[in-house]
Amino acid sequence: MGVNLKKLAKKARHYDHVLLVMRHAKPEASSEGGDQARELTDKGRKQAKKVAKGLDEMGLVPDRIACSGATRARQTLEKMLKVFGDKPKVDYRQSLYDGGLQGLFDELAHTSEKTRVLMVLGHEPTVSMASQWLASESSDSDSFDLLNLGLSPAAVVVFGLDKPFDAWQTHDAELLAVINPKCFE
0 MGVNLKKLAK KARHYDHVLL VMRHAKPEAS SEGGDQAREL TDKGRKQAKK VAKGLDEMGL
60 VPDRIACSGA TRARQTLEKM LKVFGDKPKV DYRQSLYDGG LQGLFDELAH TSEKTRVLMV
120 LGHEPTVSMA SQWLASESSD SDSFDLLNLG LSPAAVVVFG LDKPFDAWQT HDAELLAVIN
180 PKCFE
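Start counting the sequence shown at 0; every next residue gets the next number (numbering that gives the first Met the number 0).
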């Protein structure tokens, strides 16, 4: 299933607030320092850069990014910031590593009304589960079905809603698309 990125960008511009829920890029299988210390592979570094360039071209550079404190998530963000520059305000949150769904929903609740595009960069299964909870019944069914499979590394779920993030409720936001690095080729 291909995503028409131009149509997606146009559709996203119609919303007052856009949420990008992203899984970190491809990490090493293991690390002597444990799960939290796992680093990105070369492929993962390329994925992060490709997704950042694609989001930039779509006009979806985040105003704010909440990122897990795990090494692989931080490294994903570092690669993306080389493309985004210093526009996004960045917050690192341990709760996006070990706080489950509540960690992600807390980010929505504590995001300023002035933030138009928010990115939450975290881990499976939290990112796909939270996305399922956020998606409204009117969301694209093919995209919703992809969430049941879990997000692949560097995949991004794009949501739109005309309410500030702190007013978002479960099954409230329109799921616009699930995109992955291959969409930007």
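Think of the CB as a built atom: it goes at the ideal place given N, C-alpha and C, for glycine as much as any other residue.
#1: Looking at the secondary structure, which residues open and close the beta strand (DSSP E) in which Ser140 lies?
#2: Can you give, in chain order, each stretch of the alpha helix (DSSP H) that sits fully within the stretch 38-107 and has at least 4 residues?
#3: Return yes when at least one heavy atom of the ligand GDP lies under 7 angstroms from the C-beta of Gln131, else no.
#4: Between Tyr96 and Asn3, what straight-line distance do the alpha-carbon atoms span, to the nearest angstrom?
#5: Taking the continuous beta strand (DSSP E) assigned at Ala176, which residues delimit it?
#6: With the cut-off set at 8 angstroms, would you say Val177 and Leu145 are in Cβ contact?
#7: Considering Val17, what are the terminal residues of the beta strand (DSSP E) in which it resides?
#8: When you compare the stretch 71-88 with the stretch 97-105, are there three or more beta-carbon pairs, one atom per stretch, that lie closer than 8 angstroms?
Inspection of the coordinates gives the following:
#1: For Ser140, no beta strand (DSSP E) encloses it; the enclosing alpha helix (DSSP H) starts and ends at 140-147.
#2: List check, alpha helix (DSSP H) in window: 41-56, 70-83, 94-97.
#3: For the ligand GDP, the structure offers nothing, since it holds no ligand at all.
#4: A straight line joining the alpha-carbon of Tyr96 with that of Asn3 spans about 31 angstroms.
#5: It spans 173-178 - the beta strand (DSSP E) in which Ala176 sits, taken as one unbroken run.
#6: Result yes, Cβ atoms of Val177 and Leu145 sit closer than 8 angstroms.
#7: Note, Val17: beta strand (DSSP E), 16-22.
#8: Between the stretch 71-88 and the stretch 97-105, the count of Cβ pairs shorter than 8 angstroms is below three; the stretches do not touch.
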